[in-house]
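Worksheet for the structure shown next.
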Amino acid sequence: MITSNSILFTIICVFAIQAIVLSILILKKQPRVLANKFLAMLIIFYAIMAVNIVLVNVLKDIGKLHIFRYIQLELLYGMGPALYFYTISITKPNFKFSNKDFIHFIPLLLEFIFYRTSFYRDGANGLYIDPMSNITYVYLTQQWIGVLSNLIYSIISLRILYKHQHQLKQFYSKLENRSYNWLKIPILIFAIYPIFWNILTEIDRFAFDRNLREYYFLPNFVLLAIACTWISFKGYLTTNTSDLLSIENSNSSPKEITFELDKNFIEKLERLMQNEKPYLNPDLNLSKLSELLEMKPKQVSMKINQNFEKNFYDLVNSFRVKEFQERVKATDLQKISLLGLAYDCGFNSKSTFNSAFKKETQQTPSQLIKRLKNKYE
1 MITSNSILFT
11 IICVFAIQAI
21 VLSILILKKQ
31 PRVLANKFLA
41 MLIIFYAIMA
51 VNIVLVNVLK
61 DIGKLHIFRY
71 IQLELLYGMG
81 PALYFYTISI
91 TKPNFKFSNK
101 DFIHFIPLLL
111 EFIFYRTSFY
121 RDGANGLYID
131 PMSNITYVYL
141 TQQWIGVLSN
151 LIYSIISLRI
161 LYKHQHQLKQ
171 FYSKLENRSY
181 NWLKIPILIF
191 AIYPIFWNIL
201 TEIDRFAFDR
211 NLREYYFLPN
221 FVLLAIACTW
231 ISFKGYLTTN
241 TSDLLSIENS
251 NSSPKEITFE
261 LDKNFIEKLE
271 RLMQNEKPYL
281 NPDLNLSKLS
291 ELLEMKPKQV
301 SMKINQNFEK
311 NFYDLVNSFR
321 VKEFQERVKA
331 TDLQKISLLG
341 LAYDCGFNSK
351 STFNSAFKKE
361 TQQTPSQLIK
371 RLKNKYE
């Protein structure tokens, strides 16, 4: 056990309870979508883990520690499945949770039952006894299996996100507020946290005889509670399925097949880009471009990939980069605003502009300006 710290206990409870309240708001948020349910579930699992540590120490202080073994709140085996199904739900809004999907939560049910048995109570109590009993090693094994389960689910969730990011580039030239890149941070937190925590406690137990617990134990849960609150706020503000539905209904990225260059399509597209410059619209998407070309979106996407060896996102940004280069040459270099000019060319963010420019020209915008200035001096 550790020495109680009322200040840190209060901080943990404030942030954890705030996260739980936000999870309830997420559940009530309109429209009520499946993704919100899994996000709320995920937040609650991690928030009660933080509250759990406060509860056990408060009960210890009042001499009621034996009660805690009956009301253990930690639910390690629910975190991975909740994260996995949340990731699927936001990337595939047409996803339906079926009866067969409940199999992912069977370990959670078994864990809940296990925590109400004397087998668990004896195993957990044995953590503070040397040498540890076989029952305690069984308890620790159960904990590590839960950690590995979370890691596997997190890796799968990351793969789903990266695949979704690739699909977005087939349909949109503006990825801000659509890609759910922010979710990569909590996925990494959820994947790394249990591993880091268990490794840290094991190192402390074997190398330092648990003498370091006072330095890392409560601060660690303070960080967890704060992270839960941040994820709650971010999830509440950004959960949106309106854009993703169009992707679901537009089929996935085209398959690679053997083909010959379609010169008519290339000329038609380049003529449209040169004359009407639709890429100047930062919200240009595949549907809008297809309307201008008088073709079906799926057909346009396939032909772009085949004839330009680029996805829609990269192709549109390449035209924006060319437009930027042309405007730079016709602009007073002493009065130029790189970001302002980039926005005029259809870009919507500085990071996207810099990334697209370097990918297309193998140099940064600043390097181009410097080269042009040296040329004219």
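Its first residue numbered 1, the sequence shown is counted upward by one per residue in UniProt numbering. Ideal placement from N, C-alpha and C gives every residue a C-beta, glycine not left out. All values reported here derive from a predicted model rather than from experimental measurement.
With a threshold of 16 other beta carbon atoms within 10 Å, Gly-146 meets it and is buried.
Judged by DSSP secondary structure, Cys-13 falls within the alpha helix (DSSP H) whose first and last residues are 6 to 28.
In this structure, the alpha-carbon of Ile-160 lies about 45 Å from that of Lys-373.
Using a C-beta cut-off of 8 Å, the region 80 to 96 makes contact with the region 135 to 153, since at least three inter-stretch Cβ pairs fall below that distance. Exposure of Leu-339 is indicated by the presence of fewer than 16 other C-beta atoms within 10 angstroms of its C-beta. Taking the Cα positions, Thr-87 is about 13 Å away from Ile-185. Collapsing the DSSP output to three states places Asn-52 in a helix. Scanning its chain for C-beta atoms nearer than 6 Å, with the 5 sequence neighbours on each side dropped, one finds around Glu-111 the residues Tyr-77, in chain order. Beyond the five residues adjoining it in sequence on each side, Pro-278 comes within less than 8 Å, by CB distance, of Leu-272, Leu-284, Lys-288, Leu-289, Leu-292 in the same chain, given in chain order.
Distance between Lys-234 and Lys-37, taken at the CA atoms: about 15 Å. In the DSSP annotation of this structure, the continuous segment of the alpha helix (DSSP H) that includes Ser-149 starts and ends at 134 to 168. Note on Tyr-215: under 16 other CB atoms within 10 angstroms of its CB, so exposed under the neighbour-count rule. According to the DSSP assignment, Glu-323 belongs to the alpha helix (DSSP H) that extends over 312 to 329. The DSSP-derived three-state label of Tyr-115 is coil.
For the options Lys-298, Asn-281, Lys-303, Pro-282, the alpha carbon positioned closest to that of Phe-265 is the one of Lys-303. For Phe-208, there is no enclosing alpha helix (DSSP H), as DSSP marks it with neither H nor E. Leu-42 and Asn-311 have their C-alpha atoms some 34 Å from each other.
In this structure, DSSP gives Asn-99 a helical state, which the three-state scheme calls helix.
Two segments are said to touch when three or more pairs of C-beta atoms, one from each, lie closer than 8 Å; by this definition the region 161 to 177 does not touch the region 217 to 229. Nearest in C-alpha terms to Ile-369, of all of Ala-191, Cys-345, Phe-324, is Phe-324.
Lys-174 sits buried, since 16 or more C-beta atoms from the chains shown fall within 10 Å of its C-beta. Pairing Ser-366 with Thr-352, the inter-Cα distance amounts to about 15 Å. Between Asn-354 and Thr-361 a beta carbon distance of about 11 Å is seen, past the 8 Å cut, so the two are scored as non-contacting. The Cβ-Cβ distance between Leu-73 and Leu-55 falls below 8 Å. In this chain, Thr-3 is not harboured by any alpha helix (DSSP H), its DSSP state being neither H nor E. Around the Cβ of Tyr-193, a 10 Å sphere holds 16 or more other Cβ atoms; the residue is buried. When DSSP states are grouped into helix, strand and coil, Asn-181 belongs to the helix group. Short of 7 Å from the beta carbon of Pro-131, and not among the five residues preceding or following it, lies no beta carbon of its own chain. In the three-state scheme derived from DSSP, where H, G and I count as helix and E and B as strand, Asn-285 is classed as strand. Residue Leu-39 holds the alpha-carbon nearest to the alpha-carbon of Thr-238 among Thr-3, Leu-39, Ile-2, Ile-7. With fewer than 16 other beta carbons inside 10 angstroms of its own, Pro-31 counts as exposed.
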